[in-house]
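To start, the structure itself, in structure tokens.
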Amino acid sequence: MSFETIHVPLGDRSYDVRVGQGLLATAGAQIAPILHRARVAVLTDETVAARHLDTLESGLDAAGIQMVSLALPAGEATKSWPALEKSVEWLLSERIERQDVLVALGGGVIGDLAGFAAAILRRGVRFVQIPTSLLAQVDSSVGGKTGINSPHGKNLVGAFHQPSLVLADIGVLDTLAPRDFLAGYGEVVKYGLLGDADFFQWLETNGPALAAGDRALRSRAVCRSVEMKADIVARDETEQGDRALLNLGHTFCHALEAATGYSDRLLHGEGVAVGCALAFEMSARMGLCSQEDPSRVRVHLKSMGMKTDVADIPGDLPGPEEFIALMGQDKKVIDGQLRLILARGIGDAFVADDVPGDILKSVLQDALSAR
Numbered sequence: 001m002s003f004e005t006i007h008v009p010l011g012d013r014s015y016d017v018r019v020g021q022g023l024l025a026t027a028g029a030q031i032a033p034i035l036h037r038a039r040v041a042v043l044t045d046e047t048v049a050a051r052h053l054d055t056l057e058s059g060l061d062a063a064g065i066q067m068v069s070l071a072l073p074a075g076e077a078t079k080s081w082p083a084l085e086k087s088v089e090w091l092l093s094e095r096i097e098r099q100d101v102l103v104a105l106g107g108g109v110i111g112d113l114a115g116f117a118a119a120i121l122r123r124g125v126r127f128v129q130i131p132t133s134l135l136a137q138v139d140s141s142v143g144g145k146t147g148i149n150s151p152h153g154k155n156l157v158g159a160f161h162q163p164s165l166v167l168a169d170i171g172v173l174d175t176l177a178p179r180d181f182l183a184g185y186g187e188v189v190k191y192g193l194l195g196d197a198d199f200f201q202w203l204e205t206n207g208p209a210l211a212a213g214d215r216a217l218r219s220r221a222v223c224r225s226v227e228m229k230a231d232i233v234a235r236d237e238t239e240q241g242d243r244a245l246l247n248l249g250h251t252f253c254h255a256l257e258a259a260t261g262y263s264d265r266l267l268h269g270e271g272v273a274v275g276c277a278l279a280f281e282m283s284a285r286m287g288l289c290s291q292e293d294p295s296r297v298r299v300h301l302k303s304m305g306m307k308t309d310v311a312d313i314p315g316d317l318p319g320p321e322e323f324i325a326l327m328g329q330d331k332k333v334i335d336g337q338l339r340l341i342l343a344r345g346i347g348d349a350f351v352a353d354d355v356p357g358d359i360l361k362s363v364l365q366d367a368l369s370a371r
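For the sequence shown, the numbering used here begins at 1 and goes up steadily by one.
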């Protein structure tokens, strides 16, 4: 078994992200060096458990590591206070100690929830991310952002708590439904758009084959995405500056997710893709980038069969004023001022603190009226 390693350099909180095939089946050998005792607790969801928990258990057993597990319902609704309470109380009932390790086996929801549970359990226990979705492999499993949603908005309750290890097994992506894979691809595209025009061009060429199942291309896309995120996180661990760039498309996305009730009407990565298209449209209307850039973004997303516009989202959505109010609940709001990640071109994103409200409203008005 071969894998690539991307190091996230954060001093005494540094860790490795390993990307390759077969990592789930050899998880015991990968995790054993960081254990104080040969026992781990695994938090997962019911869908992932049915597909991958036996493989993980066998991999742990091969290294003499015992496992206890809790499977929660799948879906964004699990990123909630009730699920957090259930998880923490279960960990306490299993007598998980401060020196123990919690394993998050699942997508972004489980990774965020388990990471937050690890952050607050006994004032902090270590955890390992084993992301099973493309979105989690390229984004949420790396960087230490953990948390849950509130009725007031997405990810408003949480903590920065870095994992001790991330194991991204490319093979498990084969089990994803096409819609789930493409939702994760929305985050992959984001990296090219925010800071690597060559990577975006590579995706324009290789995206279809990557989506069709080419594991070598998938591995390269995951590695490049993780490299970019690791570099930004190393410079700005707690989002005081550059790390905000990783939120390209996310302020629009989070408002769309709130408007759709965090339901399967819109998956997170789909919202990111639509949000990136809106961010580039906003940038073009402000004269920051060429008119061709938002068109190029949309053409690529459409060529991949992805949601690209607000019109692609089923069901009713609020008007521009209510939509802007939802955007105002975003964590990036400072002193009541909405901040957006905009772009001077593909691969050149920046944080904009002075977003013209009239242009924002017109972009949203046009997007919503096209439905």
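Ideal placement from N, C-alpha and C gives every residue a C-beta, glycine not left out.
- Within its own chain, the residues whose Cβ lies closer than 7 Å to the Cβ of residue 329, once the five positions on either side in sequence are excluded, are 152 and 153, listed in chain order.
- At a cut-off of 4 residues, the continuous stretches assigned as alpha helix (DSSP H) that sit fully inside the region 292–321 are 292–303.
- Between residue 127 and residue 164, the CB-CB gap stays under 8 Å.
- Fully enclosed beta strand (DSSP E) runs of no fewer than 3 residues occupy 153–160 and 165–169 of the region 149–229, in order along the chain.
- Looking from the CA of residue 82, the closest CA among 113, 297, 100 and 52 belongs to 113.
- At the C-beta level, residue 225 and residue 191 come within 8 Å of one another.
- With a beta-carbon spacing of about 5 Å, residue 102 and residue 118 fall inside the 8 Å limit used to define contacts.
- Nearest to residue 196 by alpha-carbon distance, out of 231, 31 and 97, is 231.
- Secondary structure at residue 265: coil, using DSSP grouped into helix, strand and coil.
- For residue 4, the beta-bridge partners assigned by DSSP are 19.
- For a cut-off of 8 Å, the C-beta gap from residue 31 to residue 6 is around 18 Å, too long to register as a contact.
- Around the Cβ of residue 158, a 10 Å sphere holds 16 or more other Cβ atoms; the residue is buried.
- Between residue 137 and residue 177, the beta carbon gap of about 16 Å keeps them out of contact (Cβ cut-off 8 Å).
- Spanning the alpha carbons of residue 111 and residue 129 requires a straight line of approximately 7 Å.
- DSSP lists 42 as the beta-bridge partner residues of residue 69.
- Contact between the region 240–252 and the region 273–287 is present: 3 or more CB-CB pairs across the two stretches fall below 8 Å.
- In the three-state scheme derived from DSSP, where H, G and I count as helix and E and B as strand, residue 339 is classed as coil.
- Taking C-beta atoms as the reference points, residue 132 and residue 172 count as a pair closer than 8 Å.
- Burial of residue 257 is indicated by the presence of at least 16 other C-beta atoms within 10 angstroms of its C-beta.
- Between residue 170 and residue 140, the C-beta spacing is not below 8 Å.
- Where residue 118 is concerned, the enclosing alpha helix (DSSP H) starts and stops at 108–120.
- Contact holds between the region 40–59 and the region 70–80, because three or more Cβ pairs, one in each stretch, are under 8 Å apart.
- Listed as beta-bridge partners of residue 105 by DSSP are 44 and 130.
- In the three-state reduction of the DSSP assignment, residue 147 falls in the strand class, which pools E and B.
- By the Cβ-count criterion, residue 85 is exposed, with fewer than 16 other Cβ atoms from all chains shown falling within 10 Å of its own Cβ.
- Measuring C-alpha to C-alpha distances from residue 293 to each of 79, 343, 146 and 304 identifies 343 as the nearest.
- Annotated three-state conformation of residue 349 is strand, per DSSP.
- Spanning the alpha carbons of residue 233 and residue 143 requires a straight line of approximately 6 Å.
- For residue 241, there is no enclosing alpha helix (DSSP H), as DSSP marks it with neither H nor E.
- Listed in chain order, the non-local C-beta contacts of residue 12 below 7 Å within the same chain number zero, local neighbours out to five positions each way being set aside.
- Cβ-Cβ distances below 8 Å link residue 245 to 194, 195, 232, 341, 349, 350 and 351 in the same chain, with the five nearest sequence neighbours on each side left out; the list follows chain order.
- Cβ contact annotation for residue 286 (same chain, cutoff 8 Å, sequence separation greater than five): 342, 356 and 359, in chain order.
- The three-state secondary structure of residue 286, taken from DSSP, is coil.
- Just so you know, the alpha carbons of residue 284 and residue 240 end up roughly 26 Å apart.
- By alpha-carbon distance to residue 261, the top candidate from 3, 315 and 339 is 315.
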